[in-house]
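Protein chains in written order, with my numbering: chain A, 59 to 368; chain B, 26 to 284.
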Amino acid sequence: MTATSLTSTQGAGRAGDKIFSGAALAAGCLILAVLFGVALFLVVQAIPALTAPAADIQGGKGFFAYIWPIVIGTLIAAVIALVIATPVAIGVALFISHFAPRGLASGLGYVVDLLAAIPSVIYGAWGAAFLAKEISPAYNWLAENMGWLPIFQGPASATGKTILTAGIVLSVMVLPIITSLSREIFLQTPKLHEEAALALGATRWEMIKMSVLPFARPGIISAIMLGLGRALGETMAVALVLSSGALTASLIQSGNQTIAAEIALNFPEASGLKVSTLIAAGLVLFIITLAVNMIARWIITRHKEFSGAN
Amino acid sequence: MSKRIDVKDLNVYYGDFLAVEDVTINIEAKSVTAFIGPSGCGKSTFLRTLNRMHEVLPGARVEGEVLLDGDNLYGPGVDPVTVRSQIGMVFQRPNPFPTMSIRDNVLAGVKLNNKKISKGEADVLVERSLKGANLWNEVKDRLDKPGSGLSGGQQQRLCIARAIAVEPQVILMDEPCSALDPISTLAIEDLINELKDQYTVVIVTHNMQQAARVSNRTAFFNIAGTGKPGKLIEIGDTHTIFSNPTQKATEDYVSGRFG
């Protein structure tokens, strides 16, 4: 019987395996512990606000009445950012992966990645000091000519510090995320499928429609989701750009607020129940971003089955 | 619906590297021409110049003329997109579009260039193309299922159906059976035999028995050594090439003495 020689494994390799697997396990557990700790902290600290009598919460109508306008505001800003950033990002990514000459492509990819390296406070300052001022004539035009649409109802903000401006600034910030992820996916399109389209007499754009975009669609969706996560949580840029206020349908008047900016602006001077309320708002944001990220992960894992050239 | 190809003094480059040197060859209409030769001798590269797929790779270019019934494919103002719609191609590995149904795969080339096609016409075309590729009976009940769910041999015949749906003048096949089992290979070879009644077929193969079985004429390519360009050694009737070639290198290759 050779069973004995098979079972008696000894040597240094074994110890190395154990140490490495222990370290990996510890690192994995640490992440879970941190996540759990944050969640626990948010829940415990939020309980006073969630259970307090309605009249004690800011606004006097309870936590739900306080939170839902800024949840909507957060979603509006994020949706504006994605509506603007997604087509631009996909266009830039396609240009880099399939149209630009190789030298230009790598340079352009590098520049787009650099956009992600700019601190958000810089974006906020740029949006507040420059973009808001420059864009307010456009808002006046929108109010005059398209004012019949509720989202462009006048009078437009004189300062330009509106949720639309905030959304535009956010779109610049999520652009590099969506661009670089999409570009990676586009480059992974199997050559076989691209050549299949070309050999049928497809133009370059038709080849992209037939083989690149169908292959990349799940990847694009997850890239958008990750961009959405960034847009939802972005604090500084919105806090600086947006002249906040009550929830309004018009995107070109001052008003609206996002959760992250609300917390950042009010936290330093808050105390007691107000702190609890803000932390509860943070809990809501945490849940929204967690949900967005989980959906993104789910789409990415679902994508794996299709990633091969099957 | 088939045209002949005449190649004159064609040099094929990857950047500065000369991959195939000075090929002059005539490919007859409505016949099967096989390219054989050792690996790396440039036969696939040369095949891809016949529908301007070679230049898809960065830096790839050609010098010389490829005449399709007298029209130079590399002439000024010739659109490679038009060339490829007239000269179809089947690749080494089956490559149906994975997100498309079997039906949409067959129609993929026809729907290009915004051509409109009615549902009735499309149904007729799908059936005719799949029958032409000997695949109709196997898939007629699941035309809306994804093409990637078929077996390798079925996928390759789907690719052939997709290629013949656009009614090309010529069909190029780049080792179409190298990823397939013997039974699927046999099915494809039978199909090639039928295709030559309507189309000009050019097939690259590593398998000399296959060349002997399916082709009317055979071209032998060879390479002098690594880094040297591939060359056309000789072309002739398949029977002659395998029984009584004029060149010593061809005889050595077909008799299995090297390569």
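Where a beta carbon is used, it is the ideal one built from N, C-alpha and C, also for glycine. Fair warning: this is a prediction, and the values are worked out from it, not measured in the lab.
- In the structure shown, B/Lys256 adopts extended strand secondary structure according to DSSP, grouped into three states.
- Within the same chain, and ignoring the five residues on either side of B/Asn241 in sequence, the residues whose Cβ sits closer than 8 Å to its Cβ are Glu53, Ser56, Val57, Thr58, Lys221, Asp262, Thr263.
- Looking at the DSSP output, B/Phe246 bridges to B/Leu257.
- In the DSSP assignment, B/Tyr39 forms a beta bridge with B/Phe42, B/Ala85.
- In this structure, A/Ala175 lies away from A/Ala289, with their beta-carbon atoms at least 8 Å apart.
- A distance below 6 Å between beta-carbons, with the five flanking residues on each side excluded, links B/Asn51 to the following residues of its chain, in chain order: Asp31.
- About 12 Å separates the beta carbon of A/Leu173 from that of A/Val227, a gap too long to meet the 8 Å contact definition.
- Scanning A/Gly205, A/Ile125, A/Phe99, A/Ser79 for the CA closest to the CA of A/Asn314 turns up A/Ile125.
- Taken through DSSP and simplified to helix, strand or coil, B/Phe60 comes out as strand.
- Just measuring C-alpha positions, the residue of A/Ala255, A/Gly205, A/Asp171 sitting nearest A/Ser238 is A/Asp171.
- The C-beta of A/Tyr168 has fewer than 16 other C-beta atoms within 10 Å across all chains shown, which makes the residue exposed.
- If you check the CB distance, A/Ala224 and A/Val141 do not come in under 8 Å.
- Across the set A/Gly80, A/Met283, A/Leu258, A/Ala339, the C-alpha of A/Ala339 shows the shortest separation from the C-alpha of A/Gln103.
- Take A/Ala328, set aside five residues on each side of it, and the residues of its chain with a beta-carbon closer than 7 Å to its own are Leu336, in chain order.
- If you ignore the 5 residues before and after B/Arg118, its C-beta comes within less than 6 Å of the C-beta of Ala204, all in its own chain and listed in chain order.
- The criterion of a C-beta distance shorter than 8 Å is not satisfied by B/Ile127 and B/Lys136.
- Neighbours of B/Ala212 across chain A, judged by C-beta separation under 7 Å, do not exist; the nearest C-beta is about 20 Å away.
- Residue-level contact check: A/Glu264 touches chain B, since one or more beta carbons of chain B fall below 8 Å from its beta carbon.
- Using a CB distance cut-off of 8 Å, B/Met233 does not count as an interface residue toward chain A.
- Between A/Ala187 and A/His251, the alpha-carbon positions lie close to 48 Å from each other.
- Under the 8 Å criterion on CB atoms, A/Ser164 is classed as non-interfacial with respect to chain B.
- The beta carbons of B/Val106 and B/Val131 sit no closer together than 8 Å.
- Of the candidates B/Asn269, B/Thr275, B/Pro254, B/Ser268, B/Pro254 places its Cα closest to the Cα of B/Asp47.
- A/Asp75 and A/Leu88 have their C-alpha atoms spaced approximately 20 Å apart.
- Listed in chain order, the beta strand (DSSP E) elements of length 3 or more contained wholly in the segment 148–206 of chain B are 195–199.
- Among the residues of the segment 330–358 of chain A, none has a Cβ less than 8 Å away from any Cβ of chain B.
- If you draw a straight line from the Cα of A/Leu305 to the Cα of A/Ile130, it is about 8 Å long.
- The continuous alpha helix (DSSP H) containing A/Gly165 extends over residues 160–175.
- Annotated three-state conformation of B/Lys140 is coil, per DSSP.
- Using a C-beta cut-off of 8 Å, the segment 198–214 of chain A makes no contact with the segment 146–160 of chain A, since fewer than three inter-stretch Cβ pairs fall below that distance.
- Boundaries for A/Gly291: no beta strand (DSSP E) harbours it, while the alpha helix (DSSP H) harbouring it runs 271–291, taken from the DSSP string.
- Rounded to whole angstroms, B/Gln181 and B/Ile213 show a C-alpha spacing of 8 Å.
- Contact annotation: B/Gly67 and B/Val108 have beta-carbon atoms that are not nearer than 8 Å.
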